[in-house]
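Enquirer: Heads up: the protein sequence lines correspond to chains E and Y, in order. Under this note's numbering, the first residue of the first sequence carries the number 1, and numbering increases by one thereafter. Under this note's numbering, the first residue of the second sequence carries the number 193, and numbering increases by one thereafter.
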Amino acid sequence: MTQNALEEKALMERIARGDAGAFRELSDTHLGPIVTFATRLIQNQAEAEEIAQETFLRAWQNAGRYESKAKLTTWLHTIARNVAIDRLRKKSRSEEAFEIDDERDLAPYSGRPSQLLVQKQQHEDVKDALGRLPERQRSALLLCHEQGLSNPEIAQVLETSIEGAESLLSRGRRRLRELLTGEHNPKEPSDE
Amino acid sequence: MNDDERFSHEALSRLSPVEPSADLRRMVAQIPLRHPREARSFWPFGSLWAPSFALAAAALLGLFVGSQSAGAPTTGSTASLSSDETSIALDDEDLDDLIMMATSAHFSPDEWDLFMTSAHNENTEEPY
Numbered sequence: 001m002t003q004n005a006l007e008e009k010a011l012m013e014r015i016a017r018g019d020a021g022a023f024r025e026l027s028d029t030h031l032g033p034i035v036t037f038a039t040r041l042i043q044n045q046a047e048a049e050e051i052a053q054e055t056f057l058r059a060w061q062n063a064g065r066y067e068s069k070a071k072l073t074t075w076l077h078t079i080a081r082n083v084a085i086d087r088l089r090k091k092s093r094s095e096e097a098f099e100i101d102d103e104r105d106l107a108p109y110s111g112r113p114s115q116l117l118v119q120k121q122q123h124e125d126v127k128d129a130l131g132r133l134p135e136r137q138r139s140a141l142l143l144c145h146e147q148g149l150s151n152p153e154i155a156q157v158l159e160t161s162i163e164g165a166e167s168l169l170s171r172g173r174r175r176l177r178e179l180l181t182g183e184h185n186p187k188e189p190s191d192e
Numbered sequence: 193m194n195d196d197e198r199f200s201h202e203a204l205s206r207l208s209p210v211e212p213s214a215d216l217r218r219m220v221a222q223i224p225l226r227h228p229r230e231a232r233s234f235w236p237f238g239s240l241w242a243p244s245f246a247l248a249a250a251a252l253l254g255l256f257v258g259s260q261s262a263g264a265p266t267t268g269s270t271a272s273l274s275s276d277e278t279s280i281a282l283d284d285e286d287l288d289d290l291i292m293m294a295t296s297a298h299f300s301p302d303e304w305d306l307f308m309t310s311a312h313n314e315n316t317e318e319p320y
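1. Start and end of the alpha helix (DSSP H) containing leucine 168/E?
2. What is the DSSP secondary structure of aspartate 125/E, counted as helix, strand or coil?
3. I want to see whether chain E comes within less than 8 Å of phenylalanine 245/Y, judged by CB atoms only; does it?
4. Please report the Cβ distance between threonine 55/E and valine 83/E, rounded to the nearest whole angstrom; I am assuming they are in contact, meaning their Cβ atoms lie under 8 Å.
5. For alanine 52/E, return the contacting residues in chain Y, with the cut-off set at a CB-CB distance below 8 Å.
6. Look up methionine 308/Y in the DSSP assignment and say whether it is helix, strand or coil.
7. What does a CB cutoff of less than 8 Å around leucine 142/E pick up in its chain, not counting 5 residues either side in sequence?
8. What are the boundary residues of the alpha helix (DSSP H) that proline 224/Y is part of?
9. Under 8 Å by Cβ, that's how I've got glutamine 137/E and arginine 175/E pegged, so tell me the actual separation to the nearest angstrom.
10. Applying a beta-carbon distance threshold of less than 8 Å, which residues of chain Y neighbour arginine 177/E?
11. Serine 205/Y lies in the alpha helix (DSSP H); which residues open and close that run?
12. What do you get for isoleucine 77/E, buried or exposed, if any count of 16 or more other CB atoms within 10 angstroms of its CB means buried?
13. Determine whether the Cβ of histidine 77/E lies closer than 8 Å to any Cβ atom of chain Y.
14. Does leucine 253/Y come within less than 8 Å of chain E when only Cβ atoms are used?
15. Just checking my contact of glycine 64/E with alanine 16/E at CB under 8 Å: how many whole Å lie between their CB atoms?
16. Tell me whether arginine 81/E sits in a helix, a strand or coil according to DSSP, three-state version.
17. Count the other C-beta atoms from every protein chain shown that fall within 10 angstroms of the C-beta of tryptophan 241/Y, then say buried if there are 16 or more, exposed otherwise.
18. Against glutamate 146/E, what residues of chain Y qualify as contacts under a CB-to-CB distance less than 9 Å, listed in chain order?
19. Do the CB positions of serine 208/Y and glutamate 146/E come within less than 8 Å of each other?
20. Buried or exposed, going by whether 16 or more other CB atoms sit within 10 Å of the CB of serine 259/Y?
21. Which residues of chain Y have a Cβ atom closer than 8 Å to the Cβ of glutamate 166/E, listed in chain order?
22. How long is the line joining the alpha carbons of aspartate 288/Y and proline 301/Y, rounded to whole angstroms?
23. Comparing alpha-carbon positions, which option in Arg132/E, Thr160/E, Asp28/E lies nearest threonine 73/E?
24. Going by DSSP in three states, glutamine 147/E sits in which element: helix, strand or coil?
25. State the Cα-Cα distance for the pair histidine 201/Y and leucine 169/E, rounded to the nearest angstrom.
26. Round the Cβ separation of alanine 52/E and leucine 216/Y to the nearest angstrom and send it over; I've been treating them as touching at under 8 Å.
27. Counting only Cβ pairs nearer than 8 Å, list the residues of chain Y close to glycine 276/E.
28. Looking at the C-beta of proline 108/E, does it have a partner C-beta in chain Y at a distance below 8 Å?
29. Is valine 83/E close to chain Y? Criterion is C-beta to C-beta, closer than 8 Å.
30. Give me the Cα-Cα distance between alanine 221/Y and tryptophan 75/E, rounded to the nearest whole angstrom.
31. If you draw a straight line from the C-alpha of glutamate 178/E to the C-alpha of alanine 140/E, how long is it?
32. Can you give me, in chain order, the residues of the region 31–51 of chain E that have a beta carbon less than 8 Å from any beta carbon in chain Y?
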């Protein structure tokens, strides 16, 4: 077990014993990434903050169940994604509701990605394109490129195999590029 | 890193992170106060119901067995296991049952007598 894993395990043991200082340490480190992930995932910061709050409440209540087999960040992202999915289901919005809506239009751009990012109000376009990806592809991309998780960790969060995570990443990347550059591949399946 | 991967990485890594609001920070910081840990009980095995139920069941079984033994007839050939303070009368069936329970074997009364005799002889031999 690595030094980092030992430290995370010790931190969670302190939290399990009711150590509020340890919990503060956890939230100081991970609240920002979790809010960012949830915001990108559901495209709404107010709801994302509720999801983050619920995530940390569950972490507090279930700290004793934390197993150091998974990195702490993987564990927290798994909780956050589950909370987000629960909320979406409660709102009777299935994951299909987040499938790509081809009626929406993103102006294509023919040029290098770096030029695109400069010319097209890059943040809004990328967020818009992300919102048009199926939820699992979006989660995979966010976990990989924004949160820095490895493929096995992404597989854990998405409860799939490593090959499944790699497939989601591959299709998500291709689709994201298509959406931002206007290229279109009609053979592309919608999800998994 | 292929083109799609490079493109996605470039696009997503340029998104600025979302800062948690002050309200969220405050609410999260209050979680330990709003949801304090339950005080640890003296009992380390979770619910008290399971061990209580087990004890009650054992007591009931003891009462039942005791009442059956008290009312059982002691006629026929008997053996007596005695200690300084207690004496229990056992008939042949009880002995058979006890032997079967202890050894998972069945002895006839003659075999049992032989066994008891040899055991008695062993116990009365002088120590070295």
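For glycine and all other residues, C-beta sits at the position ideal for the given N, C-alpha and C.
Expert: In brief:
1. Unbroken alpha helix (DSSP H) run through leucine 168/E: 162–181.
2. helix
3. no
4. That pair is a contact at about 6 Å.
5. At a beta-carbon threshold of 8 Å, the residues of chain Y lying near alanine 52/E are Pro212, Leu216, Val220, ordered along the chain.
6. helix
7. Beyond the five residues adjoining it in sequence on each side, leucine 142/E comes within less than 8 Å, by CB distance, of Phe37, Arg40, Leu41, Leu130 in the same chain, given in chain order.
8. 223–226
9. That belief holds up - the Cβ atoms of glutamine 137/E and arginine 175/E are roughly 7 Å apart, short of 8 Å.
10. Asp195, Asp196, Phe199, Ser200
11. 195–205
12. One detail in the question is off: residue 77/E reads as histidine in this sequence, not isoleucine. Buried, because 16 or more other Cβ atoms sit within 10 Å of the Cβ of histidine 77/E.
13. no
14. no
15. 4 Å
16. helix
17. exposed
18. Going along chain Y in sequence order, the residues near glutamate 146/E (Cβ under 9 Å) are Leu204, Ser205, Leu207, Pro209.
19. no
20. Around the beta carbon of serine 259/Y, a 10 Å sphere encloses fewer than 16 other beta carbons of the protein chains shown; the residue is thus reported as exposed.
21. Those do not exist, as glutamate 166/E stays about 11 Å from chain Y at its closest Cβ, beyond 8 Å.
22. 8 Å
23. Asp28/E
24. Three-state result, glutamine 147/E: coil.
25. 11 Å
26. 6 Å
27. Shown here, chain E extends from 1 to 192; a query on residue 276/E therefore has no answer.
28. Its pLDDT being 46, under 50, proline 108/E is placed unreliably in this model, and the coordinates cannot settle the point.
29. Contact of valine 83/E with chain Y is not assigned, every C-beta pair being separated by 8 Å or more.
30. 20 Å
31. 17 Å
32. Leu31, Gly32, Pro33, Val35, Thr36, Thr39, Arg40, Gln45, Ala48, Glu49
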